[in-house]
Structure formats: structure tokens, C-alpha cells
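Final position of the sequence shown in the numbering used here is 246; the numbers increase by one with none missing.
Below is one structure, written out as C-alpha cells; the observations come after it.
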Amino acid sequence: MPRLGLGVFRSGSGKGTQDAVRWALDEGYRHIDTAHIYHNERDVGIALRESGIAREEVYITTKLWNDDQGYDQALRAFERSLEQLDLSYVDLYLMHWPVPERRRDSWRAMETLLADGRCRAIGVSNFMVDHIDSLLEYAEVLPAVNQIELSPYLQQVDVVARCQELNICVEAYSPLTKGRRLDDPRLMAVATDVGRSAAQVLIRWSLQKGYVVIPKSANQKRIRENAQVFDFALNEDQMAILDSLEENLHTAWDPSNPP
Ligand code: NDP
């Protein structure tokens, strides 16, 4: 799984997402994170095909939305996503939220899809420690990935530790705090120190923590900027400054209360 991916939440349907994915692929991104609820699976598929890059070179994630949870519903939702993407498989299918009561049947459906080879891996998103522990009671296959909101401002140390114990890959969404903390003077001081932008420092923090990271941009210049994160490193002191920024900042919904 490529460590850096492009998120396409709110990149728009139609040209907005198609351009973003095309620019990202041109820049060398080989990982795109979409979801049924983003209403742009079709555009991701179009941009991928038009790029001419071989299907197997690009890692595509999509997600099962809450309304589609349940065994039969999840199977149908997956087929609809594949049809929208116009692909024969996805690399990773995630349960978007831990919907009470229905997530057990949904997981069973996802295990079926994995066994049938329709997706290469299955995982979860927004699973907190309790959700993970209850999944362990019935899962035959453990999630390959847990995609959760993560940044220095929301470090979720308990969930990260549980995932690492279970060998579940941690994937950081909203790694740029949706832009809300990019002007934090403490973050900007680190950025000045390393001669990079605040966004690059946040992405680098995620990478150095060992997370897969999926910043979103629909802007060509920022898509390029966000990929230029493999030619510098944050030192221990700089990581410690970032680690001290915790403030439990949720920019998405709080997963203890899924919508
Ligand atoms: P991010 O933290 O990635 O922030 C995106 C915002 O930052 C946009 O407004 C973008 O604007 C701006 N931005 C991007 N790059 C830069 C830069 N270099 N400098 C300044 N501003 C920048 O937020 P997201 O919530 O979109 O999270 C990323 C991805 O994670 C989503 O797209 C989605 O794929 C996934 N996600 C998953 C969730 C889940 O429940 N599983 C929930 C939320 C997100 P612009 O586009 O104009 O550049």
C-alpha cells in the first residue's frame, strides 16, 4: 500500500475530481482514496483510465456507506461501487463507520468479497478501541487497515496502540486538519526550521509515525507540494514539538457517535 495517497472528499464530482486525480497521477501518486458517499467514484475511474497507467500500479480504496450496511446490502453496495469505478476489483474496501447492530453482518459480507477476490484487502474506518475489540469476537479476517482522523492535534494514542498490537495498518485522514491549524505559529516555526510548508510538515509527521497518509487537495500546485515529503526528515526535537500539540481536535464527526 503506497504510504502517500490522494484523498478526494469534497474534490467535487465531474471535472474537479478528474483533474485532481490526473494531476496526482502525473505527480507520481499511486494511491487514491474515495468512498461511495463522496459521489465521485465514477470520476476516479475515468481519470485512472485516461491516465493510461496500468490498473495494477494504482492502489484504489473505496468505502461502504452507513445506509448500505447489512449483509446483502453491503454486497450490493460493493457491486455498485465497482460499477461506478468501472473496475474489476478494488485494492481496499473499508467499512466507513462502525454502525451499531449492522456492522457484524457488513463485515461478514466484506469477508465474502475478499474470499471471492473482488477486493484485495478489507478494512475499517473510524473504529475506536471498543469497536475493534468487539470486531475481534466475530471476525474471521482481521481488518488490514483502520482509517482514522490523525494529526498532531488529534493523536488517538489508544486506538493507534491497539491497531499496532494487532498489526492493523493505521491510515491518517484529515492529516492537514482540513486546513484549520496550518497557521499555528508552533507548526510554522518547525516548517521554517526545515524550510518546508506547514502542510508538508504535517504529512511528514504522519509518515514518521509510520502511518499511511491521504491529504486532500484539488489544486495542482498543492497536490505537487504535498507529494514532496520524501526528501527531508523531522528530527527528534521537531517531532517532540509536534507531539506536544495534542488538543483532541476532531474536524470530522466523532466516531463515538457515528451518523
Ligand atoms: P485534509 O486534512 O487533507 O485537508 C484538506 C484541506 O486542506 C483542503 O481544504 C485543501 O484545499 C487544503 N490543502 C491541501 N493541501 C494544502 C497545502 N499544501 N497547503 C494549504 N492547504 C492545503 O482534509 P480531508 O478531510 O479532505 O482529509 C483527507 C482525505 O481523508 C479525504 O479527502 C478523504 O479521502 C479521507 N477522509 C476520510 C474520512 C473517513 O471517515 N474515513 C473522513 C474525512 C476524510 P485545496 O483542495 O484547495 O488544496
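Idealized CB from N, CA, C, for every residue including glycine.
Assuming V45 and D20 form a contact by the criterion Cβ under 8 Å, report the distance between their Cβ atoms to the nearest whole angstrom. About 12 Å separates the beta carbons of V45 and D20, which is beyond the 8 Å limit, so they are not a contact pair.
What's the C-alpha gap between E37 and D170? Near 37 Å, if we compare the C-alpha coordinates of D170 and E37.
Name, in chain order, the residues that DSSP records as bridge partners for R18. Per the sequence presented here, residue 18 reads as His, with Arg not at that position. In the DSSP output, where bridge partners are listed per residue, H18 has Y46.
With a floor of 4 residues, list each alpha helix (DSSP H) that falls wholly inside the segment 36 to 91, ordered by position along the chain. Counting only runs of 4 or more, we get 58 to 72.
What residue range does the alpha helix (DSSP H) around N213 cover? Note, N213: alpha helix (DSSP H), Q207 to A214.
Can N222 be considered in contact with ligand 2, in the sense that its beta carbon sits closer than 7 Å to one or more heavy atoms? As far as ligands go, the structure on display features ligand 1 and does not contain ligand 2.
Closer than 7 Å: is that where the CB of R(-3) sits relative to any heavy atom of ligand 1? R(-3): yes, Cβ under 7 Å from ligand 1.
Using 8 Å as the threshold, is the C-beta distance between A64 and H26 below it? Cβ atoms of A64 and H26: not closer than 8 Å.
Please output, in chain order, the residues near ligand 1 using a CB cut-off of less than 6 Å to any non-hydrogen atom of the ligand. Summarising the contact set, residues whose Cβ lies nearer than 6 Å to any heavy atom of ligand 1 are, in chain order, G(-6), V(-5), F(-4), D20, H83, S112, N113, Q134, Y160, S161, P162, L163, T164, K165, G166, L169, S184, A186, I201, P202, K203, S204, A205, N206, R209, E212, N213 and A239.
Measure the C-alpha to C-alpha separation of V146 and D6 and round it to an integer number of angstroms. Their backbone Cα atoms lie some 34 Å apart in a straight line.
Within the segment 141 to 224, note down every full alpha helix (DSSP H) run reaching 4 residues or more, in order along the chain. Runs of the alpha helix (DSSP H) lying entirely within the segment 141 to 224, each at least 4 residues long, are 144 to 152, 172 to 181, 185 to 196 and 207 to 214 in chain order.
DSSP puts L(-7) in a beta bridge; with which residues? According to DSSP, L(-7) bridges with I19.
So which of G(-1), G3 and G39 has the shortest CA-CA distance to D13? Closest by alpha carbon: G39.
Three-state class that DSSP yields for S(-2) in the structure shown: Coil.
Secondary structure of G104, DSSP reduced to three states: Three-state DSSP puts G104 in coil, outside helix and strand.
Whole angstroms is fine: what's the gap from L(-7)'s alpha carbon to E127's? So the two alpha carbons sit approximately 30 Å from each other.
Can you give the Cα-Cα distance for Q207 and W10, rounded to whole angstroms? So the alpha carbons of these two residues sit roughly 6 Å apart.
Span of the alpha helix (DSSP H) around V116: Run containing V116: V116 to Y125, per the alpha helix (DSSP H) assignment.
If contact is defined by three or more beta carbon pairs under 8 Å, each pair taking one atom from either stretch, is the segment 142 to 157 in contact with the segment 177 to 186? Not touching, per the Cβ criterion.
Between which residues of its own chain and G15 is the CB-CB distance below 8 Å, once the five residues before and five after are set aside? Hits under 8 Å: A214.
Which listed residue (D218, G110 and Y76) has its alpha carbon closest to that of W84: Here the closest residue by C-alpha is G110.
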